[in-house]
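Participant: Pasting in a structure now, in structure tokens, and then I'll have a few things to ask.
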Amino acid sequence: MAELTFWTGSMDSGKSTLALQTNHNHAARGRAGRIFTSHDRAGEARISSRLGLTHDATEVPADFNFWRFVVDELTQGGRIDYLICDEAQFYSVDQIDQLAKVVDELQIDVFCFGILTDFRTKLFPGSARLVELADRTEVLQVEALCWCGKRATHNARTENGVMVTEGDVIVVGDVDEMDAEPAEVAYEVLCRQHHRRHLTAARAKAVSLAPEPLPFG
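One gets our numbering by counting positions in the sequence shown from 1 and adding 12 to each.
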């Protein structure tokens with residue numbers, strides 16, 4: 013029986029690497045698959061891992077319909093045994109529903125890979141829907157580490173070196189003024205304690221690491 017599987021973890025936990033490895037393993041056994049991604053760091057229509065592996069992929073814009081894509085491919089004589097869906101946190105709720113329909117109605121395996129929460133510590137809508145619908149939700153066992161050495165559980169966004177917790181979920185060089193320089197946006201994984209304190213690796217070097225006063229009195 014086909015399954016909808018969701019592999020999740022923080023940034024730097026190897027999600028895209030596992031997506032590419034999964035595709036390799038199935039393709040090596042003669043299965044035919046399709047690879048999808050959205051807003052990958054390597055650019056449009058590419059899936060990449062931080063280990064340097066890359067692969068062509070189909071970009072998933074907001075109006076993409078997985079059900080229509082698969083049915084059209086099959087109708088034209090194509091063969092599809094599985095789908096690899098990276099950066100699934102950026103997919104819409106409707107698109108996740110379409111993937112579930114592909115599994116149930118067409119018996120095609122769907123492997124999704126993505127982050128659970130955004131830089132505000134809020135669930136991505138696509139990830140939340142996957143948790144609700146997936147036959148299996150698996151947490152990657154490769155732990156990303158905070159700068160302090162503890163297990164990283166939260167994704168932080170910095171703009172010009174300052175951690176922010178408000179703003180658009182997806183930032184693609186947007187600026188407030190036409191003539192303004194775009195903010196330098198970067199991401200970092202942190203443990204809950206240092207995410208709560210807004211204490212990134214760069215800020216930790218610049219300030220005293222004395223513990224916060226105890227919340228008494």
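Backbone N, C-alpha and C define an ideal beta-carbon position, used for all residues, glycine too. As the structure is a prediction and not an experimental result, all values here were calculated from the model.
Please state whether the Cβ-Cβ distance between A74 and T49 is less than 8 angstroms.
Facilitator: No, these two residues do not count as a Cβ contact at 8 angstroms.
Participant: Can you give the Cα-Cα distance for V105 and M13, rounded to whole angstroms?
Facilitator: One C-alpha to the other measures close to 24 angstroms.
Participant: Going by the DSSP bridge assignment, what does R46 pair with across the sheet?
Facilitator: R46 is bridged to L95.
Participant: Give me the residue from V201, D93, T133 and D121 with the minimum Cα distance to D42.
Facilitator: The residue you asked about is not Asp; residue 42 is Gly in the sequence shown. Measuring from the Cα of G42, the nearest candidate turns out to be D93.
Participant: Closer than 8 angstroms is the cut-off here; do at least three beta carbon pairs connect the stretch 121-131 with the stretch 23-40?
Facilitator: In short, these stretches touch, since the Cβ pair count reaches three.
Participant: Give a yes or no on whether the C-beta atoms belonging to Q110 and S139 are separated by under 8 angstroms.
Facilitator: Taking 8 angstroms as the Cβ cut-off, Q110 and S139 do not qualify as a contacting pair.
Participant: Whose C-beta lies closer than 7 angstroms to the C-beta of R204 among residues of the same chain, with five residues either side of it excluded?
Facilitator: Cβ within range, chain order: T165 and H166.
Participant: In its own chain, which residues sit with a C-beta less than 8 angstroms from the C-beta of F136, not counting the 5 before and 5 after it?
Facilitator: Contacts found: Q101, F102, G126, I127, L128, T129, D130 and V181.
Participant: Tell me the DSSP bridge mates of F18?
Facilitator: According to DSSP, F18 bridges with C124 and T149.
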